[in-house]
């Protein structure tokens, strides 16, 4: 599956999205750079910092 990842918010979100990407890759999925190329989009946000 092709997956697009986006992170909006604090620095912790950046670390989380990198961890999520590693887990998806380990499961055999491909991370893509554009949402239009993806089968699934994951957006990680923060309500404290935007």
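In our numbering, the protein residues as written are 981 to 1030.
Note that CB positions come from ideal geometry on N, CA and C, so glycine has one too.
Note that this is a predicted model, so its numbers are computed, not measured.
So, are the CB atoms of residue i and residue j less than 7 Å apart?
i: residue 986; j: residue 1023; result: yes
i: residue 1011; j: residue 1021; result: no
i: residue 1015; j: residue 983; result: no
Below 6 Å, is the gap between the Cβ of residue i and the nearest heavy atom of the ligand SAH?
i: residue 987; result: Although the ligand SAH was asked about, the structure shown includes no ligands whatsoever.
Of the residues the options, which one's Cα is nearest the Cα of residue i?
i: residue 981; options: 1025, 1026, 1007; result: 1007
i: residue 1025; options: 983, 984, 989; result: 989
For the alpha helix (DSSP H) holding residue i, just list the boundary residues, first then last.
i: residue 996; result: 991–1006
Could you give the first and the last residue of the continuous beta strand (DSSP E) run that contains residue i?
i: residue 987; result: 982–988
i: residue 1027; result: No beta strand (DSSP E) contains residue 1027, which DSSP labels as neither H nor E.
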